[in-house]
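Written out below as structure tokens is the structure these notes cover.
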Ligand SMILES: Cc1cc2nc3c(=O)[nH]c(=O)nc-3n(C[C@H](O)[C@H](O)[C@H](O)COP(=O)(O)OP(=O)(O)OC[C@H]3O[C@@H](n4cnc5c(N)ncnc54)[C@H](O)[C@@H]3O)c2cc1C
Ligand SMILES: *[C@@H]1O[C@H](CO)[C@@H](O)[C@H](O)[C@H]1NC(C)=O
Ligand SMILES: *[C@@H]1O[C@H](CO)[C@@H](O)[C@H](O)[C@H]1NC(C)=O
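Numbering (our numbering), first residue to last: 11 to 397.
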């Protein structure tokens, strides 16, 4: 057993949220350690995202604190460039995450008023478990920590191949195969389009109403939200969506929710889907839209409408879940049973006893930057108010 490491702040996770928080703390000269289970920072962007991904939101909504994107970069930044930016960010702010550290538990010791964090060291030099002791604990493990696979009866007996969208890189291995994509969020729709491009016979399950927009419509909406109330922006955005896609139910078999896209997001947390080409293929009949699945037998999938079809592979693009409760003890004041914030935005990032959550606002990278700055300021002001 190694000696206990004392530090002011421990940050769990070296994704954009952990990096942004560490940068803001380094900027303010507050000592901190970032613990990361993988051997790289931004592992979601490096290892768990598909090749053709670009940032869905305009670059002015996606930079981390204190480092804007170069002005000559495109509005929608490709994944590779964003990864370079994050590596650059990490070195520019002298962030040196402790890699291959999976945090197994963190609990608050009221006697010493400190958090005890236990991490397993899986590096080659590793010696089992390490203990850290910190005044402040920042949870930066993200909303996308683990892929969700729905409970479809018979999935375990499926004779084809299946995976979560976070394991999908591109459609090369699916050329000529019958592939089913489950889920019509950004990942599902873009992966369906990618599969079609690689020559897979592609189908997509769309279970519930969804707003489908384009990157440019969302960009316009986000710009307008600075000047106009949400319900007006919603009307404008839906108008553009109707001009672009016409009657989605008739043309594509997809219902639009009654509520506008930005208020729907506020109310349900579900973001509008950004189309990058799949809608045209659906309209041309090249990608098939199917209802919810009810069960699987060998390689046959049965659907809600009673129809069946055979598939070689299924890609589940059914979203993600937080894994905070795998390791955090206490903190029920900050996180609900799903490991997401209890408080509603903007009161979602601070708990008791020096506990914080960064990147759980459901507002992407812009929300992450805002949380990171709030948390760093809060930690700094807790020192200045004391002395
Ligand atoms: C496919 C995809 C596309 C997206 N596109 C956009 C976009 O265009 N714009 C936008 O604003 N947002 C986008 N998002 C949202 C995205 O979640 C954020 O952009 C961002 O990556 C979240 O950062 P994070 O640091 O909170 O979480 P993550 O990037 O998931 O980082 C969390 C880190 O914590 C580590 N970790 C987890 N558990 C432990 C543990 N117990 N011990 C140690 N380490 C641990 C993980 O390994 C990971 O590195 C996208 C998300 C996905 C999945
Ligand atoms: C990386 O940082 C340097 C300065 O340190 C800057 O000149 C360069 O443009 C940055 N590159 C990226 C990809 O952000
Ligand atoms: C493509 O898949 C659909 C849905 O499974 C199926 O009905 C159709 O026959 C397939 N088309 C080809 C050309 O194999």
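Even for Gly, the Cβ is constructed at its ideal location relative to N, Cα and C.
| Query | Result |
| --- | --- |
| Taking a contact to mean a Cβ-Cβ separation below 8 Å, would you say residue 116 touches residue 127 in this structure? | yes |
| Can you give the Cα-Cα distance for residue 51 and residue 20, rounded to whole angstroms? | 16 Å |
| Identify every residue that forms a DSSP beta bridge with residue 192. | 215 and 326 |
| Please confirm whether residue 331 and residue 158 have their CB atoms less than 8 Å apart. | yes |
| Just to confirm my understanding: we take residue 204, look at its own chain, exclude 5 residues before and 5 after, and list those with CB closer than 7 Å. What are they? | 60, 62, 180 and 181 |
| Cβ of residue 210 within 7 Å of any heavy atom in ligand 3? | no |
| Do you know offhand how far residue 193's Cα is from residue 130's? | 35 Å |
| Just list the beta strand (DSSP E) runs in the segment 97–130, keeping only unbroken ones of 3 residues or longer that don't cross its boundaries, in chain order. | 111–119 |
| What does the Cβ neighbour count give for residue 46, buried or exposed, with the cut at 16 atoms within 10 Å? | buried |
| Taking DSSP as the reference, what is the three-state secondary structure of residue 172? | strand |
| Between the beta-carbon of residue 191 and the beta-carbon of residue 201, is there less than 8 Å? | yes |
| Determine the burial state of residue 237: buried for a count of at least 16 other Cβ atoms within 10 Å of its Cβ, exposed for fewer. | exposed |
| Under a Cβ-count criterion, where at least 16 other Cβ atoms within 10 Å of its own Cβ denotes burial, should residue 285 be classed as buried or exposed? | buried |
| Quick one, which of 14, 380 and 88 has its alpha-carbon nearest residue 139's? | 14 |
| Consult DSSP for residue 57 and reduce its assignment to one of helix, strand or coil. | helix |
| Would you say residue 283 and residue 232 are within 8 Å of each other, going by their C-beta atoms? | no |
| Give the DSSP-derived three-state secondary structure of residue 64 in the structure shown. | strand |
| Quick one: Cα of residue 125 to Cα of residue 300, how far? | 49 Å |
| Could you name the residues that DSSP lists as bridge partners for residue 47? | Its beta-bridge partners do not exist; DSSP assigns none. |
| Just checking my contact of residue 53 with residue 333 at CB under 8 Å: how many whole Å lie between their CB atoms? | Actually they are not in contact, since the Cβ atoms of residue 53 and residue 333 sit about 14 Å apart, beyond 8 Å. |
| Taking C-alpha atoms, which residue in 28, 260 and 78 lies nearest to residue 108? | 28 |
| Helix, strand or coil for residue 294 per DSSP? | coil |
| Can you tell me the Cβ-Cβ gap for residue 256 and residue 219, rounded? I've got them flagged as a contact below 8 Å. | That pair is no contact at about 16 Å. |
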